[in-house]
Amino acid sequence: MNPIISVFDSNRQRQWKFVLCVTSGLILSTTGNAEGNRQNNSYSTDTPRSCAVPLSSRKASKPVQMKPTVFSQLQTSGQLFKRGTRKRQTDCYISAQAAGKQFAAKTAFLIDLRARQAFQRYRIPGSLNMPAHTLKTKTFLKSRNLILVNEGHNHKTLETLCLNLREAGFSNVSVLHGGLNQWRKQVAPLQGDLLAQRNLDEITPAQFFQVRDYAHWLVVKISPPNDKQQLSSELLNLSLSDNANAFVKQLTAAVAKRTETGVSPYILIVSARGEHELKVKAMLRNTELMNVFYLQGGVYAYQQFIEQQAAMLARVPAAQ
Numbered sequence: 106m107n108p109i110i111s112v113f114d115s116n117r118q119r120q121w122k123f124v125l126c127v128t129s130g131l132i133l134s135t136t137g138n139a140e141g142n143r144q145n146n147s148y149s150t151d152t153p154r155s156c157a158v159p160l161s162s163r164k165a166s167k168p169v170q171m172k173p174t175v176f177s178q179l180q181t182s183g184q185l186f187k188r189g190t191r192k193r194q195t196d197c198y199i200s201a202q203a204a205g206k207q208f209a210a211k212t213a214f215l216i217d218l219r220a221r222q223a224f225q226r227y228r229i230p231g232s233l234n235m236p237a238h239t240l241k242t243k244t245f246l247k248s249r250n251l252i253l254v255n256e257g258h259n260h261k262t263l264e265t266l267c268l269n270l271r272e273a274g275f276s277n278v279s280v281l282h283g284g285l286n287q288w289r290k291q292v293a294p295l296q297g298d299l300l301a302q303r304n305l306d307e308i309t310p311a312q313f314f315q316v317r318d319y320a321h322w323l324v325v326k327i328s329p330p331n332d333k334q335q336l337s338s339e340l341l342n343l344s345l346s347d348n349a350n351a352f353v354k355q356l357t358a359a360v361a362k363r364t365e366t367g368v369s370p371y372i373l374i375v376s377a378r379g380e381h382e383l384k385v386k387a388m389l390r391n392t393e394l395m396n397v398f399y400l401q402g403g404v405y406a407y408q409q410f411i412e413q414q415a416a417m418l419a420r421v422p423a424a425q
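Counting from 106, one number per residue, gives the positions in the sequence shown under the working numbering.
The structure is reproduced here in structure tokens:
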């Protein structure tokens, strides 16, 4: 048995429980006993009611805060997946393997910053769930080793929080490189809804839009054989054939070439409408490729998102 998994299983119930309830607002992931006790709920949760954070109210959809010209530029030919120039705050990151060792040795807290409902669906056993604004108020954690966690693709939010916490006096803060997606692949299984975990490596158009300006994205356009359509010269255009080995070889070579430039790429797989996702997942399942994500709804959904945002911003009255 994996020794890391063994340590997780033996310590879930007692791990820092007394700290969490006293400070309130934290949600503890323990053993799966509550999954059998909670009726009429498809999500697993083991959060004590006295420690639970109230669910946030549902908010109306609002346009992304962005200049209208940005959306109009993205709608022009060749700009939809234009590679950004923003660099990652590399000194904030810790690898999944290193984080796993520290967590197993009980020398680090894993802080999952996702919404409570997402945390209840699946999480790293023993991780703590709290919003960013709550974490900043927990002064007793300033001397602790904190590892920030989310799905793995929203780098901007965690990098900003990492730097802010360091400036506020938190002495040892890092970000889990690749998030839950990479932990699941390199360290240990997640706890919770297995069906929901199938979508962990997917990213919505809105989510990708928020991080599109990072330089590490390698966007891979999947197309049928003999498809001549080119969305952008900056995309890696791969033809989807029955030769899985050739496909993987081409993608691996592209990743190696990008890595040589000093950038460890995150791979975004896109197709016309997301129709090739399952086939590509099957091809890449047993490869060494890391940080692979799939754009929900493909190119069509992303174009629709851009058009909708542009339309909403056009209707917003100018500030007086």
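Using N, Cα and C, we set each Cβ at its ideal position, and we do this for glycine too.
Reduced DSSP secondary structure (H/G/I, E/B, other) of residue i
i	result
N342	strand
R219	coil
I372	strand
G297	strand
I327	strand
R188	coil
R228	strand
M417	helix
G205	helix
T357	helix
N269	helix
R390	coil
H258	coil
T242	coil
N348	coil
V211	In the sequence as presented, Val is not what sits at residue 211; that position holds Lys. The answer is coil: DSSP assigns K211 none of H, G, I, E or B.
K362	helix
A406	helix
P384	According to the sequence shown, residue 384 is Lys rather than Pro. In this structure, K384 counts as helix in the three-state DSSP scheme.
C126	Because the pLDDT of C126 is 39, which lies under 50, any placement of that residue in the model is unreliable, and the number read from its coordinates should be weighed accordingly. Helix at C126.
E412	helix
Residue i to residue j span [Cα, whole Å]
i	j	result
V127	F224	In this prediction, V127 has a pLDDT of 34, which is less than 50 and means its spatial position is unreliable; nothing more can be read from the coordinates.
K243	I374	39 Å
R390	V292	16 Å
L268	N277	11 Å
K426	L305	Not covered by the structure: residue 426. The range shown for the chain is 106 to 425.
A359	T195	21 Å
Y405	K241	39 Å
A273	H238	12 Å
T364	P370	7 Å
A213	R420	48 Å
G367	A203	21 Å
A210	K354	38 Å
R228	R249	21 Å
R191	E256	20 Å
K386	I411	26 Å
Q207	F245	19 Å
Cβ distance (whole Å) where residue i is taken to contact residue j below 8 Å
i	j	result
L427	K384	Residue 427 falls outside the range modelled here, since the chain spans only 106 to 425, and no answer is possible.
H282	Y198	4 Å
F313	L215	Not really, about 25 Å apart at Cβ, beyond 8 Å.
A301	R226	4 Å
L251	F275	7 Å
E264	R219	That belief does not hold up - the Cβ atoms of E264 and R219 are roughly 16 Å apart, past 8 Å.
G231	V254	With a Cβ gap of about 12 Å, G231 and V254 do not count as contacting.
S395	Q287	The amino acid at residue 395 is misidentified as Ser; the sequence shows Met. The Cβ separation is near 6 Å, so the contact holds.
I327	H258	Actually they are not in contact, since the Cβ atoms of I327 and H258 sit about 18 Å apart, beyond 8 Å.
Y407	P294	About 31 Å; that fails the 8 Å criterion.
K261	Q315	6 Å
Strand pairing of residue i, partner residues [DSSP]
i	result
S279	I252
E307	Y399
W288	According to DSSP, W288 bridges with nothing at all.
I199	L281
Y319	R191
Same chain, Cβ closer than 6 Å to residue i, five either side skipped, listed in chain order
i	result
Q413	none
G403	V375, S376, A377, R378 and G379
L341	V325 and A359
V280	C197, Y198, L253, L263 and C267
L270	V278
T392	V353
D347	none
Cβ-based neighbour list, residue i, same chain, cut-off 8 Å, excluding 5 preceding and 5 following
i	result
G189	R317, D318, Y319, A320 and W322
P329	S344 and L345
S182	For S182, the predicted structure reports a pLDDT of 48, less than 50, and the residue's modelled location is therefore unreliable. The matter cannot be settled from this model.
G205	I109, W288, Q291, V292 and A293
Nonlocal neighbours in the same chain, by C-beta distance under 7 Å from residue i, ignoring five residues either side
i	result
Q409	none
V397	D306, I372, I374 and L389
S200	H282
H381	I327 and L345
K247	G274, F275 and S276
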